[in-house]
Amino acid sequence: MTTIAIAPTRVDVRPAVLAVLRWIVAIAGALVIFGVLMWTKGANPLTAYSSMFETLTRDTALSGIVIKATPLILAALAVAVPARAGLVNVGGEGQLVMGGVAAARVARLFGPGAPGGLVLVGMAVGAALVGAGWAAVGGLLRVRVGISEAVTTLLLNYIALNVMFFLIYDPWKDLAGGGQPTSPAIPVAQRLPLIGSGSMAVHAGILVALIATAAMWWVLRSTRWGFKLEVVGGNAEAARRAGFAVGLLLIGAMAVGGALAGLGGFAQLAGTEFKLRPGFLVTYGYIAFLASWLARHKPVRVAVAAVVLAAISVSGDSLQLDSRLPAATVNVLMALVLLAVFGWTSRRSEA
Amino acid sequence: MSLLITEVCAGAIAGGTCILYAAVGESFSESAGVVNLGVEGSMLVGALAGYAVTAEAGNPWAGVIGAAVCGAVLAAVHAWFVLSRRSNQLATGLVVMFLGLGLTSLFGAAYVARTVESFSAWDVPGLSSIPFVGPVLFRHDPLTYLSYALVPAAWWVLYRSRWGLLIRGAGERRHVLETYGHPALGVQYGSVILGGALAGIGGAQLSTAYANAWFENTSQGRGFIGAAVVIFAARQPFKVAAGAYLFGAALALSPALQARNVSIPILDNQFALASIPYVAILVVLVVLGRKRAAEAPEGLKAVFG
């Protein structure tokens with residue numbers, strides 16, 4: 005092959021440019037398809053997009069995005085960590101809800117008179133533990149029985165939701181809540197403190213999310229455990245022959261992910277909602293799943309993707325107000341963006 | 002007591018039929034080596050399309066056709082991404098499900114409070130008056146009767162016909178099929194799309210024959226239950242049907258018990274009862290799962306790891 009010998013040895017920038025172009029085409033394609041869908045529903049796509057953009061330039065937009073991104077970042081990391089070991093954790097919905105349920109349980113246990121700091125720590129620990137346990141079921145069934153964790157974690161989502169419904173419609177129902185099925189609000193002293201001021205104020209849950217992102221970045225990049233997860237994800241058989249306890253690693257990856265999502269449920273309860281209600285964190289788990297796959301499970305990028313999806317979600321509120329489309333409409337845009345990214349930015353070689 | 006058993010068995014058929022359609026469809030898809038968790042999305046768009054077309058055309062059979070087409074289109078999206086773009090099957094299926102969820106809330110809002118001229122139960126003359134068997138099997142909607150024919154037909158196609166050999170071959174040894182000049186890719190596309198069409202019909206059965214209503218996320222994970230049924234039923238239509246009816250029975254148990262004021266500790270709550278199908282399928286998967294995982298086609302083992 006003489007062609008190789010005479011080929012110039014300069015750095016070829018074309019693949020990088022092509023990759024960027026592909027991303028632009030992918031996202032533009034998603035926007036066009038979504039525009040057509042809005043148009044068929046009688047909304048003008050151009051005014052809809054401009055009002056979505058305008059929403060993001062308002063004073064309150066930043067705090068809205070940060071508040072929405074907090075549970076999303078944590079739940080997206082809950083997808084990313086198991087994904088490093090080749091696992092597909094679709095249980096974010098259930099793990100978030102169980103985290104919120106556990107946090108509410110701990111707050112009830114301490115009672116309204118207990119010191120806020122102590123209760124908050126207790127809530128966080130309880131939420132992380134219950135989230136970890138809930139996710140570990142999926143890991144355990146995968147390792148011991150050989151059932152796909154994607155199927156089991158999906159089914160567990162519906163059970164988690166029913167657990168919460170059971171509690172807020174019956175034993176935990178706030179009798180002073182005017183008949184609404186909610187748990188009693190946690191007292192002001194036991195809520196997450198606000199950081200920032202005025203329209204920029206957000207609850208401290210974002211710090212939990214950012215610390216978790218940094219921690220997962222470090223754990224996956226620099227620890228033996230992170231290295232082992234990557235080996236298992238690359239080739240489980242090779243990992244087994246190298247003497248790794250593959251089963252424990254898989255269950256551990258699920259448990260760590262579940263703990264992170266549990267913290268997301270805690271942050272939402274103690275920072276934003278203060279009580280459990282039927283719509284508590286609904287579809288957050290699926291949006292977080294999209295974020296992790298959008299960013300190919302690299303923690304820092306996953307957090308950025310979660311913030312971007314939070315921004316799309318916040319901007320989508322204008323669709324409901326200005327274009328009178330259902331609130332969930334913006335989920336279509338998110339799914340289209342991810343499909344476009346799946347379809348157009350992947351190299352054919354990576355399966 | 003015997004009335005209760007009759008009621009639960011009849012309820013098993015009524016509530017299990019939509020799962021059956023989705024699960025038989027998923028059996029085709031998985032036999033060809035493609036896991037489609039988007040079956041939940043196909044079911045949702047089918048449920049809405051069935052309801053909306055019935056509302057606009059005034060004929061539930063037109064709704065069934067619309068449901069099959071929409072379910073098939075969504076499955077074709079899944080097929081294109083996983084077969085032609087090689088994206089991860091489980092993740093793509095989830096995204097397709099999420100797309101279906103968003104699309105149906107966008108286009109479904111107009112139909113939430115509407116009533117339609119839906120399917121009504123039709124008692125089979127003669128057969129429906131047989132004690133026990135009659136009320137359980139022969140007092141249902143036409144789509145349920147159609148599903149009685151679907152199960153043996155699907156079994157024959159998958160396990161006795163040349164088509165089935167090609168489908169299972171595509172799932173097991175795709176390159177061998179290609180070596181002998183068969184269009185393995187085309188067979189896989191066809192199987193996934195057929196699966197989506199059947200899931201769509203299942204959705205139509207749910208919205209226009211069983212629930213007679215459309216609301217957001219109306220399928221409530223029934224498509225996922227269908228996908229789980231396929232795993233422990235090892236893609237065999239008769240076992241798939243048995244599994245689907247088992248979960249139909251779990252669904253039927255709660256209203257039947259509530260109507261009789263039967264109180265079982267813990268289970269006397271509607272949400273505890275609503276959890277039964279999901280818990281039950283997890284238990285069945287644990288009991289039967291290991292053996293089934295070992296029997297899966299090679300193409301599926303690559304997906305489930």
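Chains as they are written, first to last, in this note's numbering: chain A, 5 to 355; chain B, 2 to 306.
Glycine residues also receive a C-beta, built at the ideal position from the N, C-alpha and C atoms.
Values in this document were obtained by computation on a predicted structure and should not be read as measured data.
Proximity below 8 Å, CB of residue 95(B) to CB of residue 38(B): yes
Unbroken alpha helix (DSSP H) run spanning residue 301(A), endpoints: Unbroken run through residue 301(A): none, as it is neither H nor E.
Residue 280(A) - DSSP class collapsed to helix/strand/coil: coil
Beta carbon of residue 100(B) nearer than 8 Å to that of residue 154(A): no
Residue 176(B), buried or exposed, once every other Cβ within 10 Å from all chains shown has been counted against 16: exposed
Interface partners of residue 77(A) on chain B, CB under 7 Å: Ordered by position in chain B, no residue passes the 7 Å Cβ test against residue 77(A), which lies about 19 Å from the chain.
Inter-residue Cα distance where the pair is residue 323(A) and residue 213(B): 29 Å
Distance CB(residue 75(B))-CB(residue 97(B)) smaller than 8 Å: yes
Backbone CA spacing between residue 304(A) and residue 125(A) [nearest angstrom]: 25 Å
Same chain, Cβ closer than 6 Å to residue 69(B), neighbours up to 5 away in sequence not counted: 198, 201, 202
Through-space distance from residue 92(A) to residue 251(A), alpha-carbon basis: 15 Å
Segment contact, 8 Å Cβ cut-off, at least three pairs: the segment 218-229 of chain B with the segment 156-170 of chain A: yes
Reduced DSSP category for residue 87(B) - H, G, I as helix; E, B as strand; rest coil: coil
Beta-bridge pairing of residue 198(A) - partner residues as DSSP gives them: 207(A)
Rounded straight-line distance, which links the Cα of residue 80(A) to that of residue 182(B): 44 Å
Whole-number beta carbon distance between residue 108(A) and residue 187(A), since they are thought to touch under 8 Å: 5 Å
Rounded separation between residue 276(A) and residue 234(A) - CA only: 35 Å
Residue 245(B) and residue 278(B) closer than 8 Å at C-beta: no
Given residue 209(B) as reference, the closest of 141(B), 136(B), 126(B) once Cα atoms are compared: 141(B)
Where the alpha helix (DSSP H) through residue 161(A) begins and ends: 153-173
When 185(A), 166(A), 181(A) are compared against residue 172(A), the one with the closest alpha-carbon: 185(A)
Proximity of residue 94(A) and residue 293(A) at Cβ, strictly below 8 Å: yes
Backbone CA spacing between residue 69(A) and residue 302(B) [nearest angstrom]: 40 Å
Interface residues of chain A facing residue 270(B) [CB-CB closer than 7 Å]: 170, 174
Distance cut-off 7 Å: residue 54(B) Cβ against heavy atoms of the ligand ZN: Summarising the ligand content, the structure contains no ligands, and the ligand ZN is consequently not present.
Between the CA atoms of residue 253(B) and residue 132(B) - distance to the nearest angstrom: 20 Å
Three-state secondary structure assigned by DSSP to residue 123(B): strand
Residue ranges of each alpha helix (DSSP H) within the segment 222-302 of chain B, 4 or longer: 223-233, 238-260, 271-296
Reference residue 28(B), options 275(B), 305(B), 196(B), closest by Cα: 196(B)
With 16 other Cβ atoms within 10 Å as the buried cut-off, status of residue 127(A): buried
Nonlocal neighbours in the same chain, by C-beta distance under 6 Å from residue 190(A), ignoring five residues either side: 111, 278
Local Cβ density within 10 Å of residue 20(A), reported as buried at 16 or more and exposed below that: exposed
Partners in chain B for residue 94(A), counting only beta-carbon separations shorter than 7 Å: 95
Spatial distance of residue 50(B) from residue 271(B) (CA atoms): 29 Å
C-alpha distance - residue 134(A) paired with residue 197(A), whole-angstrom precision: 23 Å
Pairwise C-alpha distance: residue 274(A) and residue 192(A): 9 Å
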